[in-house]
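As given, the protein sequences belong to chains L, S and V, one line each in that order.
If you use the working numbering, the first sequence closes out at 515, no skipped numbers anywhere.
If you use the working numbering, the second sequence closes out at 845, no skipped numbers anywhere.
If you use the working numbering, the third sequence closes out at 1109, no skipped numbers anywhere.
Shown next, in structure tokens, is the structure this report addresses.
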Amino acid sequence: MTSLLTVQNLSVGFGPLTAVSDVSFDIPAGACVAIVGESGSGKSVTARTILGLAGRDATVSGSIGFDDTDLTHSSPRRLRALRGRDIGFVSQGALVALDPLRTVGHEIADSLRVHTKLSPRQRQERVIELLESVGMPEPMLRASQRPDQLSGGLRQRAVIASAIALNPRLLIADEPTTALDATVTAGILDLLATLRERGTAILLISHDLAVVSRLASHIVVMRAGVVVESGSTQQVLREPRHPYTRELIAAVPGGLPHTGSPAGEPVVTATGVTKRFGSRVAVDEVSYELRRGRTLGVVGESGSGKTTLARLTLALERPDAGSIELFGEPWTAVPERDRTARRPRIGAIYQDALSSFDPRLTVRQILADALGPAAELGRRVTEAELVSLVERVGLNANVLPRHPRVLSGGQQQRVAIARAIAPRPDVIVCDEPVSNLDVSVQAQVLALLDGLQREFGLSYLFITHDLGVVRQVSDELLVMKDGVVVERGETEAVFAEPRHPFTRALLAAVPKLRR
Amino acid sequence: MALPLGATTTTTAADSVRRRSWLRWALARLGGVVFVLWAVATVTFFAIRLIPGDPAEAILGGPGSQASEEALAQARKDYGLDLPLGIQYLHYLGRLVTGDLGTSYSLRSPVTTVIGQNLGPTLLLALSSLAIAVVLALMLALWSSRSGRAAAAVGSVLEIIASAVPHFWLAIALILLFSTGLGWLPPVSVPGPAGLVLPALTLAIPLAGFLGQVMRESLLDALASPFVLAARARGESESGVFWRHALRHAAIPAIGLAGWAFGSLISGAVVVETIFARPGLGRSLLSAVQDRDVPLVLGVVLVVAVGYMLVTTLTDLADRLVDPRLRSRS
Amino acid sequence: MRRPSVVVSLAIVLFIVIAAIAPNLLAPGDPLAIHPGDSFLPPSLGHPFGTDESGRDVYTRIIHGAGASVLIGITATAIGLGLAIVFGLLAGLGPRWLDFGTTRFLEVLFAFPGLLFALLFIVIYGPGVLTSTIAVGLATAPGYGRIIRSRVLVVRRAPYLEASLVLGRGRFFRVTRHLLPNVAGSLFVLATLGIGQSIVWASSLSYLGLGAVPPAAEWGAMLSAGRTYISSFWWLTFFPGLFIVLTAAATTLLGRGLQERVRS
């Protein structure tokens, strides 16, 4: 089979930093090859370098052959002629890959304008055709709208449309389904599969092994700029050779069901809680019961109301109807000053740990502040307490004098967890705590949370959109859609026999790791 | 892209909602303008009354003006200073609404006449300076986007220095350079374009510095954004990227500054017209202050406030044109 | 982060500060001493910046005038910032009607281009150093007020403030431990930017004859005196002006540098 793209000994550096080191792989025509790696693996840099878009301060060595052209030694004009016409590109963060000031139609028509001599009317017709081919509903209306008027999934389809406008032989897709809901992701993957069947070769960049296994015939695993393993999808997933690959596969959540502890007395009880924002109902008559030592998972797509539910549980919002009780006493129905004394008993960790820290404070100050209210009046926080606190969450005492912004994402989340457990709470509300983390780090943080739950008898209200994660951490779960709980029950029972059509659709849409 | 007939039902509903929100916005804006003008007028009304001493004296040139007793009595009658405060205020507002800004004692003619005569030259100066400033800022932005990091840093420093230079010093420096030194241009303003160059340049350079700084940030942000990367990946050339994408984003904050720029140009005109001996509102204002001619000063301030309100309203409209995201909100 | 522009600006500011505090170190002569025979001498080795109409050395006067000029700049900035902090905090922290009222009030003040407002103040209260300093302070206050208000609003909504609430911290703690320090950070930058600006405005007023008056060796006063002699004896206005520009540019560059540092 002839290779469409051949990358040999590619190295890319930015000053003293080497982002990509001696990477080689090739893509046969009409095949889908995936580069898998976590953040910092160099996969996105590799993708951009193929198009010559690594950036002005990049030093590139090695060779990239497309058909019979050497891309590394091509003139800027030659590269510009190739871009969009022979090689299409869907960049990372595709939700912001459309100019917010222009209409979607104009953005898609751009490649036509640059590479062809079609008249504006002809371009317009072609744009509508393209939108139809990517499954965009109401293509004529959508073409005249701006990106912010489209949902995430539709925006992604528009981006793909603009990349395939001229039927390129190779499509480079960098994280095309990140930040998209499961049902929307399924649609995009179907679309990419259709493109592949029509003969477009795809270079798929992703951190998500399940997505990759659905589309790619070959996998290249990258870590810290180097290729650690490559081979056919079957081979890599069934018989991984490199320890890192094995780690990645093991870290995919949802493999093992949660082993919970027996239920204790109820700690948080919500009854008929409703919250409206203007005319929109965010949470509609939701009730739940969280018991001591258990994890209640709340799963749903964006806009389902799960974050609002978390905020109501923390009494950061007042419900318009219904109420929540904490340890059997009114929680949302009383004024704030009656809650202050009880607040240390219910804590929170968030998706973005860094923004929840005061940027002026060091880790030591953040944690000392957290230990403050729980400590007896007049007693000062000792260094020993701080050290034992950070060590309990798996950090070294040398993080204490540092600022959170110099720590890695995983370390930041550990600091957030340390802060949350410092006042010895009974309940912790976790709002998408691992969604921003790499898969391997995710697994470690989830293990930490699990250990802490056992040690302290904590109860968790765990909000997430990731079904794999929710299966791994929760004893019971709530499935939410449009503010309503559509299904509830013990986790394994719901996964084995989902009753509500939405739950079934959700479970079916999740890309599963095929081996 | 024109909407075909098929999509009518969705659009008429959206259309009428949009029209209603435009109306609401326009009314709110108008209300705001009227409120501000009323507040400015009220503040100036009380400003005279707060001057230590006899308000009639203040109107006639201050405590040292040695106005005659008859003149003082006449002033008291004209301005109704003997009447209770409430009635004075109503008279004052009434006169303002009909466009009567009082009489300038130092020039012995109605304030409105004085302003009318001087408004033209000042507007000409302000507009030419604005044009030059925009062109300068654009050129600097274009150059920045194409050159390396070192050149961009130099450009940034130049902009900052330019924005910090006081008008009077810049005027002197320019006169020394172009007039005394090179002899290309006259040091004093003469009728015709030659006399406009140095004054306009003096006003334009600091403004260009400010505009340049503001545009630079959003320009760099835009050039590093994912949608520009996507444009380049489609084969768009560098100049295409600049003119079709980045520039529009860079212009948004610059347009937002238009109101402030107008104010800065008028303030600058005071100094510039004085140094270059150019007739205009600024020079009249300064003489008025020096002569303690309160009615004229107040009149000019009110007119400038009106102008400022006009400019900010126009700016808001322009903002919506350039940034369509603002259209569907409000 | 030692960029050349920042280093140079620091050096200039240091020079000005020394001139303000201990002028004799940099210019041992007497700024007020008159030498009628030496009047209007152009710049030379003996008098690097020339002499004025009374034969006084311009360089010496500039150095000795630094203190007064800097003091004016600092006072005006203090007045402006002080007012701005009060309004900005009231608007940002208080109930919504208070924010609405103060913001509209600020907008009204902001409707006057700064210099005009200063002129209005001066036409009422008369020219002079004191009135021009106060005028500059009042004129710059609305601009600062807006910035402070928006900063307060941003910090108020920040996630870390909410995290503090969740931990059970009271209002007083949250305001003093988190809100005020994060707002104050931007104040330092504003003050640095402001001092240069205030010196420029105050000297502009002096240049127009509305501020400081000769024979004080204050930069603005020197400008005012030299006004009539621009065409023939340009150095009388050029060099004091140059020092004003240098001070303003240096403080602005420093301020911007600080701003970038805070942002990263």
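Where a beta carbon is used, it is the ideal one built from N, C-alpha and C, also for glycine.
Alpha-carbon spacing of P839(S) relative to G771(S), whole angstroms: 15 Å
Own chain residues within Cβ distance below 7 Å of P701(S), not counting five before or after: S694, A709 and G710
Start and end residues, beta strand (DSSP E) containing Q8(L): S3 to F14
Cβ neighbours of A737(S) in the same chain (closer than 7 Å, five flanking residues each side left out): V743, H760, A761, H764 and A765
Cβ of A375(L) within 9 Å of any chain S Cβ: For A375(L), the pLDDT reaches just 49, beneath the cut-off of 50, and the residue's location in the model is therefore unreliable, leaving the point undetermined.
Contact set between the region 687–717 of chain S and chain V, restricted to residues whose Cβ is under 8 Å from the partner: I687, A688, I690, L691, T695 and P702
Whole alpha helix (DSSP H) elements within the region 302–380 of chain L, 4-residue minimum: 306–313 and 363–371
Check: P401(L) C-beta below 8 Å from any heavy atom of the ligand ADP: The model depicted lacks the ligand ADP and carries no ligand whatsoever.
At least 3 beta-carbon pairs within less than 8 Å: the region 201–217 of chain L vs the region 31–44 of chain L: yes
When G303(L), V298(L), G297(L) and D352(L) are compared against R280(L), the one with the closest alpha-carbon: G303(L)
C-alpha distance - E376(L) paired with T491(L), whole-angstrom precision: Bear in mind that a pLDDT of 47 at E376(L), under 50, signals an unreliable position, so the number given afterwards is only what the model happens to contain. Spanning the two alpha carbons is a distance of roughly 40 Å.
Closest by C-alpha distance to A1057(V), when choosing among H892(V), A913(V) and G882(V): A913(V)
Integer-rounded CB distance, given that T985(V) should sit under 8 Å from G1041(V): The Cβ separation is near 12 Å, so there is no contact.
Residues in the region 642–653 of chain S having any Cβ partner in chain V nearer than 7 Å: none
Contact list for the region 751–783 of chain S against chain V, Cβ threshold 7 Å: G778, S779, I781 and S782
Neighbourhood of G895(V) by C-beta distance below 6 Å, restricted to the same chain and skipping five residues each side: L886, P887, P888, V903 and W1080
Extent of the continuous beta strand (DSSP E) run through F277(L): P266 to F277
Closest Cα partner of T464(L) within the set C430(L), A447(L) and E487(L): C430(L)
Selection of the region 802–813 of chain S by Cβ proximity to chain V, strictly under 7 Å: V804, Q805, R807, V809 and V812
Residue closest to V735(S), alpha-carbon to alpha-carbon, out of G670(S), T628(S) and V558(S): A quick correction: the sequence has Leu, not Val, at residue 735(S). Here the closest residue by C-alpha is G670(S).
Own chain partners of E285(L) with C-beta closer than 8 Å, once the 5 adjacent residues on each side are dropped: G272, V273, T274, A321, G322 and V484
Residue from E329(L), V283(L), P498(L) and G293(L) whose Cα sits closest to the Cα of R318(L): V283(L)
Opposing strand residues paired with G1061(V) [DSSP bridges]: The question names Gly, yet the displayed sequence has Ala at residue 1061(V). For A1061(V), which the question treats as bridged, DSSP gives no partner whatsoever.
The alpha helix (DSSP H) enclosing R747(S), as first and last residue numbers: P741 to A748
Beta carbon proximity, F502(L) to chain V, threshold 9 Å: no
Contacts of T789(S) in chain V (Cβ-Cβ under 8 Å): L1053
Chain L within 9 Å of V1011(V), Cβ atoms only: yes
Three-way DSSP call (helix, strand, coil) for A715(S) in this model: helix
Any C-beta of chain V under 9 Å from that of L309(L): no
Beta-carbon spacing of V1110(V), L1050(V) below 9 Å: Residue 1110(V) cannot be examined here, being either before or after the span of chain V that is shown, 846 to 1109.
Nearest to S63(L) (by Cα), restricted to the options G42(L), P76(L), I87(L) and V23(L): V23(L)
Buried/exposed call for E487(L), threshold 16 Cβ in 10 Å: buried
DSSP-derived helix/strand/coil call for R121(L): helix
DSSP state of M654(S) mapped onto helix, strand, coil: helix
Contact check, G30(L) vs R196(L), beta carbons under 9 Å: yes
Within-9 Å CB hit, S995(V) to chain S: no
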